[in-house]
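Using this note's numbering, the first residue of the sequence shown is number 1, and each one after it goes up by one.
C-beta atoms are modelled at their ideal positions from N, C-alpha and C, and glycine is treated no differently.
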Amino acid sequence: MILSNLLVQYLKNPIGLESMNPLLSYTLTSDVSHQAQTAYRILAASTQEHLRQEIGDVWDSGKVFDSRPFAIEYAGKQLRSRQRVFWTVKVWDKEDIESEWSEIAVWEMGLLNESDWTANWIGHGDGMNANPSAAPQVAYDFELKSERKIAHARAYISGLGLFHATLNGQRLDDAFFHPGESDYSQTVYYETFDVTNMLRRDSNAIGIVIGNGQYVNFKVNPVMTLEDGTEAPEHRYQKNDSGYTREGIYGEKKVLAQVEVTYDDGEVEIVAATDETWKLTDSPITFNNWYGGEDYDATVELDGWDLPGMDRTGWNDAAIMKKPLGTLRGREFLPIRMIEKFPAASVTKLDNGNWLVDMGRNVAGFPELVLRGTTAGDHGTVISMYPAEMLNAEGTGVDQASCTQSESKKYNCSITNRYTVKGVGDEAWHPIFCYQGFQFVEVSGFPGEATVDNFNCCVLRAANEKTGTFETSDSVLNRVHELTERSIESNMYFSFTDCPQIEKLGWLETSHLMFRSITSGYDIRSWIPKITQDMIDAQTTEEDNRNGDPEGKGYVPAIAPEYYRIVGLHRDPNWGGACILTPWEYYQIYGDITLLRRAYETMTTYLDYLETHTQDSLLIGYAQMGDWGQLNESTPTVLVENCAYYYMLSIMVRIAELTGHHEDTVIYRLKAEEVQRKFHNHADCYEPESRRYGNDSQASYGCVLFSGIGWKENIDLAVTFLKDAVRRRDDHLSSGEVGLKQVFATLGCYGASDVVYRMVTNDTQPSYKYFVDNGLTTLPEYWNYQELWHGTMVRSRNHAMMGHVKEWLTSYVLGIRPEEPGYRKLIIEPSLTDLIETVRGSIWSPYGLIRVECVRNDAGITLDVEIPVGATAEIRLKSIPAEHSTIGSGKFRFSINTDGVGSLK
């Protein structure tokens, strides 16, 4: 067997790791069918030479009998700060034949102890009357005095809210929005950069620009309203409706940086560390706001400000500032990167003299301005760019209402990126401390005639690898899939956000409801642990209660990090319960139990909190969202919340067993059974004579069947009632984001994908096809997106919360779904309707790629399948002989002729 793709914490050769027992993974391939790993041996060493001699001086696992090539916990010597560990692995196959050693991979630890940091947090100073909307820059010159050979060099940097760093004028990497969002009262991330090849033997300079992000964003003026509630004279859009703010989650701009050189003899020298000797001044970024945009004045650029030897006379000394409340942690998730950049689709001059730029599709990112041949006559020209998802009704410009929840109309505020021209030839600029959701950009002040060459669309997201594919012969399904993936990507940032414009917040329900939709297309193994940590950090503690949090101990908010508590939409078990259900989904898809162990205390404390809100064992009047987003339907919230409550208790029985909390399994099983009994005694949940659930809505049956709360003898009837509920609406869907996922999953599970197909492709609203037919390029927030929400607000055109169709497409049309955690055992059951003649695609699993192609033609049906090493698949197609229906790894072709006779070739 061949070993490849060695990962540590699901990252390739990472540096700056925080985990003391990191997880090791690799991928196996083989030309032999039905192959599997039976054992592995891992060597970890202080040098590559040790490994070449088969010496594991850091760890030698010995021969371990285990079939998993992933989530293997390092169990060697205790790791130290800055330690580099080289590792390799070999495996034994099903015949106990030993492989060659893999390629050598490496990981490096970060700064694990507070004493490792000599740097101080610096900035303007605590409480200084500096412009909170501007972005200061700091710089420092240093020399390498030793002539010894350098082994490697690192820059450890954190900045709150955001930072952008250079060394000798060169950007440290290609990522954006360092160091990543968190609950800054609990966790502050720092970045580790490899700067070995950027250092000079003589003088060096490090430069850092400090932006606001979420940390400095709360009620930063100029925004919509002043503290007394009056309208600000100059303002941008700003999310500002929080009813509770945790101490330490916001603060003043500051930065922490430490540059170290490790020599060949192992000695570490700290050559630069932030303190009061660093110099500080204003950067050309005169305004930056996570929501409202960014302004850049190129006329005040200081050429070479971040190069050694720069005259910084007139700059201020940086001030040492109080450190944030949160603990410094090394980042172990992928950063935000520019995934795509393309020119504008069209540029049109408007009657008012402005220019309308159309990027061709809705995205999350920012526009880039490109100027050619500017002159001194253009010096000082201000170009304003107004990104938006929509055009106004008259077609005379953009309408930002869907990006500002109509606050732009109420307060005359805007989202604006503004550039002041330097006038020295070619110039290009885009924001570095904010992003937007947009398709259109209205531009004012542009000098001369604008063309598509003057504007690029920069698409950003978390750099989670795109691993899945999906395509059918049905063009509508392909477009629906495309819209859904675009909305997923548009909200794949430091959390799974609701939208890339109005809120940019990590509403938690989608992290589990959309989990399988996301993982069918992307590898999110390093991303979800970060989101889980956000939930752990966000949980209310007794100290929070003492500091004024009105929620009880154990509460998990609807949003994490909880930058905003939107009172009235902050309590619901499908949202807070993500602390249980998201790690559970992670285990189901990736076979990795780590998050279940890490979050176990958070889970149990949350369930204890929920129990304090029960009446006669049921949640009554607790949930505030219910089946959020349902259309012309009113599924009882008490049904939705208690289906979720029961489901969590049932899942906790299994989690407790898996994690060794055996006494808890009995406790949670008894509680689940009691909830089930009380549920069937509640008039709004169940009618015993007719055996109908809830109000007979689609979501009523979807939630009951998905959660398993219904009586077993009612299952078949409930499935029939669900189909009837769809039929009564002429094959229109009616569910919100909770019920929709569960309706689709239930219908697929019980062999009714034809019903889902009719719902998805219905010609009239509400349906996904309606979105396609109306020219949308991403999923809107609500089914009735053309109407004002509550009669007052235009809502987002780029939400992923209704994207559950992607799970159905991959699990029940393509037909790949796990039967055991991690796809160790899986099911292949593609669906070919009268209108689908071909479906092909792939899903990545921890064992490797799973690929399916199913084609129906005049000769019958052909199914091509590829299964990775270590996995087994059950082929569920009628007419396939039983002896061929279970296969191991390899590539296989199944055929069913027109007489219905199946065979394996």
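For residue i, which of the options has the nearest alpha-carbon?
i	options	result
R795	I715, I836, D173, Y782	Y782
K341	D306, D311, V459, C434	V459
G736	Q170, E509, G159	E509
E562	Q533, I589, W584	Q533
E348	F440, V261, V424, R893	A small correction: the amino acid at residue 348 is Thr; Glu does not occupy that position in the sequence shown. It is F440.
P881	S903, T88, S102, A560	S903
V443	Y419, D426, K466	Y419
Q170	G207, G822, K410, N392	G207
I528	I715, Y587, L569, W101	Y587
N120	R479, E276, E49	E276
M338	T467, M310, F177	F177
V755	R728, N574, G568	R728
Below 8 Å on the Cβ atoms is my contact criterion, and I expect residue i with residue j to pass it. Report the Cβ-Cβ distance as a whole number of Å.
i	j	result
G870	P284	Contact doesn't hold; Cβ gap of about 54 Å is too wide.
T118	I270	6 Å
W808	F721	The pair is not a contact, with the Cβ atoms about 20 Å apart (cut-off 8 Å).
I383	R236	Not really, about 16 Å apart at Cβ, beyond 8 Å.
Q35	S889	5 Å
G702	T746	5 Å
G739	A800	Contact flag wrong, Cβ pair sits at about 16 Å.
Y184	L160	6 Å
I850	P821	Contact flag wrong, Cβ pair sits at about 15 Å.
E306	T166	In the sequence on display, residue 306 carries Asp and not Glu. About 5 Å; that satisfies the 8 Å criterion.
A428	L369	7 Å
V138	L280	5 Å
Distance cutoff 7 Å, beta carbons only. Does residue i sit that close to anything in chain B?
i	result
Q615	Included in the structure is just one protein chain, with no chain B present.
With DSSP collapsed to three states, give me the class of residue i.
i	result
L740	helix
M359	strand
Q48	helix
R893	strand
D534	helix
W117	coil
K806	helix
K723	helix
G292	coil
V901	coil
M310	coil
E231	strand
Y785	coil
V195	coil
I867	strand
A364	strand
R840	strand
Considering only their Cβ atoms, is the gap separating residue j from residue i smaller than 7 Å?
i	j	result
D572	A538	no
S402	E389	yes
V675	Y693	no
C579	M514	no
L23	Q37	no
V653	R677	no
G123	M321	yes
Y609	Y555	yes
G76	V58	yes
S879	I896	yes
V209	H164	yes
L112	Y156	no
I843	S520	yes
N5	E73	no
Are there any heavy atoms of the ligand MG lying less than 6 Å away from the beta-carbon of residue i, as far as the coordinates show?
i	result
G243	No copy of the ligand MG occurs in the structure displayed, which carries no ligand at all.
| said: I want to know whether the stretch 856 to 873 touches the stretch 38 to 52 - three or more CB-CB distances under 8 Å. | reply: no
| Taking one C-beta from the stretch 832 to 841 and one from the stretch 541 to 551 each time, how about it: are there three or more such pairs within less than 8 Å? | no
| query | Are the stretch 124 to 142 and the stretch 51 to 71 touching, with three or more C-beta to C-beta distances below 8 Å? | reply | no
| task | Please determine if the stretch 650 to 665 and the stretch 619 to 635 are in contact, where contact requires at least 3 C-beta pairs separated by less than 8 Å. | result | no
| task | Flag this pair as touching only if the stretch 429 to 440 and the stretch 308 to 327 have three or more C-beta atom pairs under 8 Å; answer yes or no. | result | no
| message | Tell me whether the stretch 84 to 100 and the stretch 292 to 300 touch, counting them as touching only if at least three CB pairs, one residue from each stretch, are closer than 8 Å. | response | no
| query | Pairing CB atoms from the stretch 812 to 820 with CB atoms from the stretch 848 to 859, are three or more of them under 8 Å? | reply | yes
| query | Would you say the stretch 448 to 463 touches the stretch 484 to 500, given that touching needs at least three Cβ pairs under 8 Å? | reply | yes
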